[in-house]
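The structure under discussion appears below in the form of structure tokens.
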Amino acid sequence: MDTALLLLADSRLPAGGHAHSGGLEPAVSAGAVRDVAGLAAFLRGRLATSGLVAASLAAAACAHAARDEADGGADGAGWVVLDAEADARTPSPAQRAASRAQGRSLLRAARSTWPHPALAALPGDAHHPVVLGAATAAARGTPRDAASITAYGAVTGPASAAVRLLGLDPLSVHRALADLARAVDAVADEAAAHATGPWRDLPAASAPVLDLYAELHIRADLRLFES
Amino acid sequence: MGANHDHDPYDASPAHGRALRLGIGGPVGSGKTALTAALCRALREEVDLAVVTNDIYTTEDADFLRREAVLADDRITAVRTGACPHTAIRDDISANLDAVEALQERHPGLELIIVESGGDNLTALFSRGLADRQIFVLDVAGGDDVPRKGGLGVAAADLLVVNKTDLAPLVGSDLDLMARDAARVRDGRPVAFTSLRERPGAPEVTAWVRRILREAAAEHAHDHGHGHGHGHGHGHGHGHGHEQGHEHVPAAS
Ligand SMILES: Nc1nc2c(ncn2[C@@H]2O[C@H](COP(=O)(O)OP(=O)(O)OP(=O)(O)O)[C@@H](O)[C@H]2O)c(=O)[nH]1
Ligand SMILES: [Mg+2]
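Top to bottom, those sequences are chains A and B. So the first sequence is numbered by the working numbering: it starts at 1 and just counts up by one. So the second sequence is numbered by the working numbering: it starts at 228 and just counts up by one.
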């Protein structure tokens, strides 16, 4: 596997991810996740819904960036449309804000690490999966790589938040992640299949409870994570 | 928000005309917010400034600063750090950079941005990509052996503040011992003993901040006047030879 892609997938990439729990903190506050088994169930649900949507958006963004580069142009208008597709699949305003905040941080990191015309053309506050797809193209990855890195992040981010919030055994949590590996790969396959199709047909699986949690979280007095 | 940042986003040099960024770190409860408030009160008439707080769990520090009205509300921003205050000032400074950039956009004339870290351990040091200069705040009640234990914050911060000297007699802390131990690991860098209770204006620290602001301004003028890159122009009377903070490699301990 390419080192550039490993760098992009690494949680040590300084792109602001550590301050977001992907809805895990409000799930813990609501008592929905208390242990490793509860975490595994949460991750499975998140992967199948917002994970699939994000991975598909990233795959499409990666394909778009590569096309753009081949055409020798930087299609600012195209990015606005794809970003609107992401918006349409993110009904919670709190989640939109969190996604744009993470997109902004990732864009800063990606621009300084892998200069690329697509990254220069992206709006500064684009959604996170859109930026992640473009960044994958900039790091010379494929739409399948973009989907894979995105689906992987969709489960590893909340898992690491769970270790911090619940004091779970990190070894058990990693075991749970390993058990999810095939499911993550399957989501990446499914997402990559949409990479070059019409954007309006991208998956739109929704997770209403996650939307609700995100809204509750932003109003909570005590919270460690931004989202 | 939509600006393209084609320049080096981790440019730590204030010599480009942007605000000087001052990090304030140190253990929980040592007086970081009280010091930030004191600096705001002392400097706000003469310096265009703003504050970013990194609270652990609440927005208490930002709320305190707003309640005390040390600055206008839109000059105070709270950042959340996901249970990792040291990550947010060192390993992944994204959220703080976003906050700093948003402040700078809202107030283009900013000369000083204070970034208060969440209370953390003795090894927490601000990244030079975030802070041009940094203050580490200890308090005497944390034990007079803390300077001896060293740690990156104590050893390498540009200014070490030992606060709450009013409590020294009550907790039996030996200030001379703390001064000697600090001097041993700090390689000549300054130490200030403060009591924000007894001297709420923190005159020693305020004077130091005025000096680093003057140095940054001189550095800026110098760069512009001669068209040189920075990295020279030492000798502004700083006395310990690391005006360019990012050149300073902290001694590991
Ligand atoms: N006696 C005494 N108390 C002080 C002094 N400076 C601050 N305090 C008090 O110490 C407490 C903690 O001060 P803060 O400024 O909130 O400390 P902090 O470092 O910002 O704390 P965290 O952000 O929670 O890590 C407050 O109750 C202050 O009033 C001082 O010089 N002497
Ligand atoms: Mg504080």
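Backbone N, C-alpha and C fix where the C-beta goes; we use that ideal spot for every residue, glycine too. These figures come from a predicted structure and were not determined experimentally.
When you compare each of the options to residue i by their alpha carbons, which one comes out closest?
i: Leu107 (chain A); options: A:Met1, A:Pro123, A:Arg96; result: A:Pro123
i: Leu216 (chain A); options: A:Ala15, A:Gly23, A:Thr3, A:His18; result: A:Gly23
i: Val184 (chain A); options: A:Ala86, A:Ala147, A:Pro203, A:Ser92; result: A:Ala147
i: Ile316 (chain B); options: B:Gln331, B:Glu295, B:Val342; result: B:Val342
i: Ala299 (chain B); options: B:Val436, B:Glu332, B:His313, B:Val278; result: B:Val278
i: Leu5 (chain A); options: A:Trp114, A:Phe225, A:Arg175, A:Pro170; result: A:Trp114
i: Asp372 (chain B); options: B:Ile362, B:Asp393, B:Asp408; result: B:Asp408
i: Arg482 (chain B); options: B:Gly253, B:Ile303, B:Gln361; result: Residue 482 (chain B) is absent from the model: chain B starts at 228 and stops at 480.
i: Leu13 (chain A); options: A:Pro143, A:Gln102, A:Ser172, A:Val33; result: A:Gln102
i: Gly356 (chain B); options: B:Lys376, B:Asp401, B:Arg271, B:Ala322; result: B:Ala322
i: Ala97 (chain A); options: A:Ala214, A:Asp221, A:Ala220, A:Glu85; result: A:Ala214
i: Leu226 (chain B); options: B:Val255, B:Lys259, B:Leu266; result: The structure shown does not extend to residue 226 (chain B), since chain B spans only 228 to 480, so no value can be given for it.
i: Ala269 (chain B); options: B:Ala444, B:Glu431, B:Ala448; result: B:Glu431
i: Leu180 (chain A); options: A:Val209, A:Val155, A:Leu165; result: A:Val155
i: Leu386 (chain B); options: B:Ser354, B:Leu349, B:Val436, B:Gly346; result: B:Val436
i: Thr482 (chain B); options: B:Arg438, B:Arg293, B:Leu394; result: With chain B covering only 228 through 480, there is no way to say anything about residue 482 (chain B).
Quick check: does the Cβ of residue i come within less than 8 Å of any heavy atom belonging to ligand 1?
i: Val163 (chain A); result: no
i: Ala419 (chain B); result: no
i: Glu431 (chain B); result: no
i: Lys391 (chain B); result: yes
i: Arg294 (chain B); result: no
i: Ile283 (chain B); result: yes
i: Arg437 (chain B); result: no
i: Leu262 (chain B); result: yes
i: Phe363 (chain B); result: no
i: Arg424 (chain B); result: yes
i: Val255 (chain B); result: yes
i: Asp366 (chain B); result: yes
i: Phe291 (chain B); result: yes
i: Ala394 (chain B); result: Here the sequence assigns Leu to residue 394 (chain B), which means Ala is not the residue at that position. Under cutoff, so the answer is yes.
Within 9 Å (strictly less), CB to CB, does residue i reach chain B?
i: Asp221 (chain A); result: yes
i: Arg12 (chain A); result: yes
i: Ala19 (chain A); result: yes
i: Ser99 (chain A); result: no
i: Ser92 (chain A); result: no
i: Ala109 (chain A); result: yes
i: Phe225 (chain A); result: yes
i: Leu165 (chain A); result: yes
i: Ser105 (chain A); result: yes
i: Leu7 (chain A); result: no
i: Gly153 (chain A); result: no
i: Leu15 (chain A); result: Just to set this straight, residue 15 (chain A) is Ala in the shown sequence, not Leu. Yes, because at least one Cβ of chain B sits closer than 9 Å to the Cβ of Ala15 (chain A).
i: Ala70 (chain A); result: no
i: Ala161 (chain A); result: yes
Kindly say whether residue i, judged by its beta-carbon, lies nearer than 9 Å to any beta-carbon of chain A.
i: Ser321 (chain B); result: yes
i: Cys311 (chain B); result: yes
i: Asp301 (chain B); result: no
i: Leu324 (chain B); result: yes
i: Val367 (chain B); result: no
i: Asp318 (chain B); result: yes
i: Thr285 (chain B); result: yes
i: Thr350 (chain B); result: no
i: Arg307 (chain B); result: yes
i: Thr280 (chain B); result: no
i: Thr392 (chain B); result: no
i: Ala315 (chain B); result: yes
i: His455 (chain B); result: Interpretation of His455 (chain B) is limited by its pLDDT of 45, a score under 50 that renders its predicted location unreliable; no figure is taken from the coordinates.
Contact check, residue i vs residue j under 8 Å by CB: the rounded distance?
i: Ala27 (chain A); j: Phe42 (chain A); result: 6 Å
i: Ala264 (chain B); j: Val297 (chain B); result: 5 Å
i: Val418 (chain B); j: Ala382 (chain B); result: With a Cβ gap of about 11 Å, Val418 (chain B) and Ala382 (chain B) do not count as contacting.
i: Leu324 (chain B); j: Leu352 (chain B); result: With a Cβ gap of about 17 Å, Leu324 (chain B) and Leu352 (chain B) do not count as contacting.
i: Val130 (chain A); j: Arg89 (chain A); result: At roughly 11 Å, the Cβ-Cβ gap does not stay under 8 Å, so Val130 (chain A) and Arg89 (chain A) are not in contact.
i: Leu168 (chain A); j: Leu39 (chain A); result: 7 Å
i: Ala121 (chain A); j: Asp75 (chain A); result: 7 Å
i: Glu328 (chain B); j: Asp275 (chain B); result: Glu328 (chain B) to Asp275 (chain B), Cβ: 16 Å. No contact.
i: Gly66 (chain A); j: Ala137 (chain A); result: Here residue 66 (chain A) is Ala; the residue named in the question, Gly, does not match the sequence. Right, their Cβ atoms sit about 5 Å apart.
i: Ala118 (chain A); j: Ala134 (chain A); result: 5 Å
i: Gly370 (chain B); j: Pro254 (chain B); result: That pair is no contact at about 10 Å.
Considering only heavy atoms of ligand 2 and the C-beta of each residue, which residues fall inside 7 Å, strictly closer? B:Lys259, B:Thr260, B:Thr280, B:Asp288, B:Glu343, B:Gly346
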